[in-house]
Structures are given as structure tokens and as C-alpha cells.
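Student: Positions 1 to 237 (the working numbering) are the ones given, in order, by the sequence shown. Each residue gets a CB set at the ideal place from its N, CA and C atoms; glycine is no exception. The structure displayed is predicted, hence computed values, not measured ones.
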Amino acid sequence: MAMENKKLQEFVTSHPEFFERKGDCFVLKSDIHHLVEEYARLVDPDEYERVRQLVAAVQRDHREELEQEIRASQEEILRQKQQLSQYQLKLQKHDDEMNRVKGEISGLKVKMSQMMKVQKPIYASALVFWLLAAIGVGCMYIGFFFTMAGASAFLPVGLVLLLLGLMLQSRQLSSNRSPGVREEALKAEIRDLESKLPMLKIQRATALQQIIVAKQGIDHLEGKIRSFEHKKKIING
1 MAMENKKLQE FVTSHPEFFE RKGDCFVLKS DIHHLVEEYA RLVDPDEYER
51 VRQLVAAVQR DHREELEQEI RASQEEILRQ KQQLSQYQLK LQKHDDEMNR
101 VKGEISGLKV KMSQMMKVQK PIYASALVFW LLAAIGVGCM YIGFFFTMAG
151 ASAFLPVGLV LLLLGLMLQS RQLSSNRSPG VREEALKAEI RDLESKLPML
201 KIQRATALQQ IIVAKQGIDH LEGKIRSFEH KKKIING
């Protein structure tokens, strides 16, 4: 069969006046197709039938090859569409994770901003401490060194004011340290979340590229199928 196919191809090549090209195939020119068949049938019916069967066999083999190519391409399209669906799910997963991380970062930054805006009560200021301490010391001075009537009453009042000032000052120092520790913890948490973003961006870009390549592959295979179908149509006449 291969030798006969080769002879047929050589005949077609050597008689371009009888044939025209349609895609990748050669067919008899439409204006002489009927005449050639009638002439061949009249001149040598046996040879005509042999050639007709040869052409039919070549067409059948070519048609089967095209059908196999079409089936293989359809199976590959199905496989690539399944992969495309997986890539799209991966992309959605990466997008969701990026949105979650960015949302957490924004929430922590808002919390830290609100923490820095908290106004301290007036009694927690250093000015109140020094004022109370000064009044307390003054009262104690009067209680110790003044001999006028009732001066001794200033001593416990001064002591109370001094102790109150010391207590407020210690609370202020404690409150100053506490927000600082919380702020550093928030900053560390934000840095940890931000460190995840570059890898998430790479993973998202990879999934997006895989989607593009899969779609291009599907388009290419669908184009091949259209070409095979066109060739089948030419063979079938």
C-alpha cells in the first residue's frame, strides 16, 4: 500500500494540469473531474476500477488517520480543561489568602493607630505628680517647723499628698511601658504577615501563567481539530 501511495503521489505531482490543491490535499479539477472518470472507465474499465479502489483505500486510510488525530486532540483538550480548572482553583485560593493577609494587616494598623491616639487622663501627667509632691512637702514643712495653732494638722495632709503623687507617678510609668510593649507586639505581627505577601504574589503569578498556557494549548488543539475536520470534508467530497 505504501508503494501504491507513492506512485499515486508521483502521478499527481507530474500532472498538475489535472489537479488542484485544497488545503493539504490534491483533487481533480472540478471542470474535468467527470470527463476524466468517464474517459478512464471507457478506455480501460479494469484499470479504472483498480485506480478507483486504490484512491478509495488511500482516502479511507487518510480519513482514519484524521479521525485518530481528532480523537487524540479531543482527549488532550479534556485533560487540559481539567488542569485549567485546577489552576483556576489555585488562583482563587491564592487570591483569598492574599486578601485575608492584607485584611489582617490593615486591621492591626488601625488598632495600632487607635492605641497611639489614646489620651492620657490629666491625673497621670508628670505635672500633677510634681504639683502634689510640692504641696505635700510644703504641708509637711509647715507641720514640722511652724509652731502656730493647727500647724501639726498639715503634716498628715502633706504626707497623704506626697504618697498620692508617688502612686500616680508609678501608675504612669507602668501605663507607659504597657502600651509600648503592645505596640511592639503589633508591629512584630504586622512584619510577620507582610513577609508572607511576596511568596503569595509569586504563587499567584505562577497559577496565572499556568492558566494562560493551558488556554493557549486548548485554543491550539481546537484549531488543529478544525483543520482535520476540513481535510475530512475535502476527502469525503
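Grab the span of the alpha helix (DSSP H) containing K196 for me, first residue to last.
Tutor: That residue, K196, is in no alpha helix (DSSP H); it is neither H nor E in DSSP.
Student: Quick one: Cα of Q203 to Cα of A72, how far?
Tutor: Approximately 32 Å, taken between the alpha carbons.
Student: If contact is defined by three or more beta carbon pairs under 8 Å, each pair taking one atom from either stretch, is the segment 81-88 in contact with the segment 210-228?
Tutor: They touch, by the three-pair rule.
Student: Are the beta-carbon atoms belonging to E76 and F228 less than 8 Å from one another?
Tutor: No; because the gap between Cβ atoms is not below 8 Å, this pair is not in contact.
Student: Cutting at 8 Å between CB atoms, please list the residues of its own chain near L200, excluding the five before and the five after it.
Tutor: For L200, where only same-chain residues beyond five positions count, the Cβ hits under 8 Å are H94, E97, M98, V101.
Student: Should A207 be labelled buried (16 or more other beta-carbon atoms within 10 Å of its own) or exposed?
Tutor: Flag for A207 reads buried.
Student: Using a Cβ-Cβ cutoff of less than 6 Å, which residues in the same chain neighbour L221 once the five nearest sequence positions on both sides are dropped?
Tutor: Only S73, E76, I77 meet the Cβ criterion.
Student: For I235, which residues of its own chain have a beta-carbon under 8 Å away from its beta-carbon, when the five flanking residues on both sides are left out?
Tutor: Result list for I235: C25, Q59, H62, R63, L66, in chain order.
Student: Going by C-alpha distance, which of E184, A57, R226, R79 is nearest L108?
Tutor: Out of E184, A57, R226, R79, E184 has the C-alpha closest to the C-alpha of L108.
Student: Excluding sequence positions up to five away, which residues of its chain have a Cβ less than 7 Å from the Cβ of K233?
Tutor: For K233, where only same-chain residues beyond five positions count, there are no Cβ hits under 7 Å.
Student: Between A205, K187, Q92, which lies nearest to S113 when the distance is taken from Cα to Cα?
Tutor: The candidate whose alpha carbon is nearest that of S113 is K187.
Student: Quick one, are the C-beta atoms of E104 and L193 less than 8 Å apart?
Tutor: Cβ distance < 8 Å, so E104 and L193 count as in contact.
Student: Determine whether the beta carbon atoms of K81 and I225 lie at a separation below 8 Å.
Tutor: No.
Student: Please go through the same chain and pick out, in chain order, the residues whose beta-carbon is closer than 8 Å to the beta-carbon of R182, but skip the five residues on each side of it.
Tutor: Excluding positions up to five away in sequence, the list reads M115.
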